[in-house]
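**Student:**
2 protein chains.
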Amino acid sequence: MPATPPSSADAPSASHPPADGPSRRELNKAATRQAITDAALALLRSNGPGNFTVEDIADAAGISRRTFFNYFSSTEAAIAAVTFGFLDKALQQFRLRPAGEPFLESARAALVELADPMTVAPLAELYSLGQANPQLSRSELEAWDHCTVEIITAARERLSEGAELDELYLRALAGSVISCGKAAMDVWFLQCGGSLTPESLSTLRQLLIDSMGLLGSGFARPDPAPTTTQATTPADASTATPSPDRH
Amino acid sequence: MPATPPSSADAPSASHPPADGPSRRELNKAATRQAITDAALALLRSNGPGNFTVEDIADAAGISRRTFFNYFSSTEAAIAAVTFGFLDKALQQFRLRPAGEPFLESARAALVELADPMTVAPLAELYSLGQANPQLSRSELEAWDHCTVEIITAARERLSEGAELDELYLRALAGSVISCGKAAMDVWFLQCGGSLTPESLSTLRQLLIDSMGLLGSGFARPDPAPTTTQATTPADASTATPSPDRH
DNA sequence: AAAAAAGTTGCCCAGAGTGCAAACATGCAC
DNA sequence: GTGCATGTTTGCACTCTGGGCAACTTTTTT
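Chains as they are written, first to last, in the numbering used here: chain A, 1 to 247; chain B, 1001 to 1247.
1. Which residue wins for smallest C-alpha separation from A/Ser46, given the options A/Asp166, A/Glu125, A/His146 and A/Ser195?
2. Throw me the rounded Cβ distance for the B/Val1120 and B/Leu1196 pair, which I believe falls under 8 Å.
3. Answer yes or no: do B/Leu1201 and B/Pro1117 have a C-beta to C-beta separation smaller than 9 Å?
4. Helix, strand or coil: how does DSSP classify B/Gly1216 here?
5. Check A/Arg97 in the structure and name its three-state DSSP category.
6. Which of helix, strand or coil does DSSP assign to B/Ala1183?
7. At the 9 Å Cβ level, is A/Gln92 part of the contact set with chain B, yes or no?
8. Locate the alpha helix (DSSP H) running through A/Glu105, then write down its first and last residues.
9. Around the C-beta of A/Phe69, are 16 or more other C-beta atoms found within 10 angstroms, so that it is buried, or is it exposed?
10. Is there a Cβ of chain B sitting closer than 9 Å to that of A/Arg138, yes or no?
11. Counting only C-beta atoms, is B/Cys1147 closer than 9 Å to chain A at any point?
12. Note down, in chain order, all residues in the segment 68 to 79 of chain A with a beta-carbon under 9 Å from any beta-carbon belonging to chain B.
13. Determine the contact status of A/Leu91 and A/Ala40, defining contact as a CB-CB distance below 9 Å.
14. For B/Arg1171, go through chain A and note every residue whose CB falls closer than 7 Å to its CB, in chain order.
15. Going by other Cβ atoms of all chains shown within 10 Å of its Cβ, with 16 needed for buried, is B/Leu1159 buried or exposed?
16. Should B/Ala1220 go down as buried or exposed, given a rule of 16 or more other Cβ atoms within 10 Å for buried?
17. Under a three-way DSSP split, which group does B/Gly1194 fall into?
18. Which whole-angstrom value describes the C-beta separation of A/Val187 and A/Leu207, a residue pair presumed to lie in contact below a C-beta threshold of 8 Å?
19. Of all Cβ atoms in chain B, is any one closer than 9 Å to the Cβ of A/Pro98?
20. Is there at least one Cβ from chain A nearer than 9 Å to B/Glu1167's Cβ?
21. A/Leu43 lies in the alpha helix (DSSP H); which residues open and close that run?
22. Anything in chain A within Cβ reach of B/Asp1210, meaning under 7 Å, just list it in chain order.
23. Judging by CA-CA distance, which residue of B/Glu1199, B/Ser1023 and B/Ala1184 is the nearest neighbour of B/Leu1214?
24. Tell me whether B/Arg1171 is buried or exposed, calling it buried when 16 or more other Cβ atoms sit within 10 Å of its Cβ.
25. What's the C-alpha gap between A/Gly48 and A/Ser128?
26. Could one say the Cβ of A/Gly193 lies closer than 9 Å to chain B's Cβ atoms, at least one of them?
27. Sorted by chain position, which residues of the same chain lie with C-beta nearer than 6 Å to B/Ile1036's C-beta, five sequence neighbours on each side aside?
28. How close, in whole Å, do the beta carbons of B/Leu1141 and A/Asp145 come, if the pair is a contact with beta carbons under 8 Å?
29. Select from B/Leu1104, B/Glu1101 and B/Arg1138 the residue whose C-alpha is nearest the C-alpha of B/Ala1261.
30. Where does B/Gly1050 fall in DSSP's three states?
31. Using a C-beta cutoff of 9 Å, does A/Ala102 count as contacting chain B?
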């Protein structure tokens, strides 16, 4: 049974309103949405990217082609919903961090929370299916970009408390954090092929931590002094930063 | 005359082969390609994004619809060619930098080279036209991502001399550099609306420099360091605002 | 000049995406 | 319950995309 929202009188209906939570309409919509992404993912698995149509998805999900387009504007959008979910979870974690915590520390913590089998599994599968597929990765890009926008918003809320906020600082930082997170995922997939074993996930966790560390240290070259986290940023101040002293 | 490649006997043909440079075929293709992007951009200007078809572009460029698809796979691809050109120029500049130079310094120099009227003009226009347009900005994202891949390649060539290269370092750095460059462009457009006056370009240059500075300093908080940073990054604030003094 | 290679075009077709209006489901008031 | 308002699904028709194919033209090679 792919999606059976329009069948009423099913589970909890007769006796009492069990909870005033989500209404039936909302439940139906959520179920249909889920059925669509499930069907899309199944077809992606079985047929490979680009070898199935919207109609195929609609049929598998038990809805009409037209209804599919009420939910998603394209097959890729339906599939990218997985990535969106993943990144939304990251954002959720980020927002849970205490406001006083340094930004990069919050980002690190939020990202590490993702290195959990249930959470990465769908992403790992998408990676393996669409890694070399431009058609598919386009929507992935959009999801990551959307996440950047969201994190800019989140960071703005957090940093705006009292201080004037620097748009460049905000955007450059948010973009870099996302890029580093993405880089860690890429490297992880490169090294572990999306395996979900505990060691693999531990590797992922470490990669995420390391990427935030690189960002926080200004990408201090690893070759000269691998031991000291003591800064000594190799970017000589003459060009990289306007003189830190007064004018 | 939009594109007149299939008309021979025109400029240099009768007397002597002036140079064995680009063949006629290559010239024709380049001309057609140019005609297409010009036409697409003109239509974007006049009709707004999404309000013209491939056929419109083909007509304006003086070619058939079918030929358009021999060059680009979609309208967006044709328009994104502008961004591609812009970013390719940045990469070109990057590769020109001496190999011994610190990575961020090379990136800074390459990016600053772009703050030139002829180069940014097309990008600025695209920004103003497509800022709020998801359809359009999708292809832009792809262009930036492509640039990231390219810069990873360039960086790998440069860093691989003798040392084992750390994939994470490479990818996180490249991604962050691109993100920061993008952030600087975004902020610039936000502040200056894509104006091409000397002051505006100077602002852009400073934003690009600042963004690389932020990256190189590990995004040291511009506000008074709260508590936890035991690794007292020496490069403190002051990277935030493009100091309004002389230069 | 003739053949070969590369490029263009028209024709055709499957599929994407959207507006519209009818049919259906749900929520709410009585 | 009955009935109405509101939200959702669906079929239909339509335009546009994207690409295979074969005929045709242009450029290059021999």
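Beta carbons are placed, not taken as given, at the ideal position from N, Cα and C, and that holds for glycine.
The structure displayed is predicted, hence computed values, not measured ones.
**Tutor:** If we stick to the structure as given:
1. A/Glu125
2. 7 Å
3. yes
4. helix
5. coil
6. helix
7. no
8. Phe103 to Val112
9. exposed
10. yes
11. no
12. none
13. no
14. Ala183, Asp186 and Val187
15. buried
16. buried
17. coil
18. 6 Å
19. no
20. yes
21. Arg24 to Asn47
22. Leu168
23. B/Ala1184
24. buried
25. 11 Å
26. no
27. Ala1061, Tyr1071 and Ala1078
28. 6 Å
29. Outside the shown range of chain B, which is 1001 to 1247, sits residue 1261 of chain B, and nothing can be said about it.
30. coil
31. Correcting the residue type first, residue 102 of chain A is Pro in the shown sequence and not Ala. True, the Cβ-Cβ gap to chain B drops below 9 Å.
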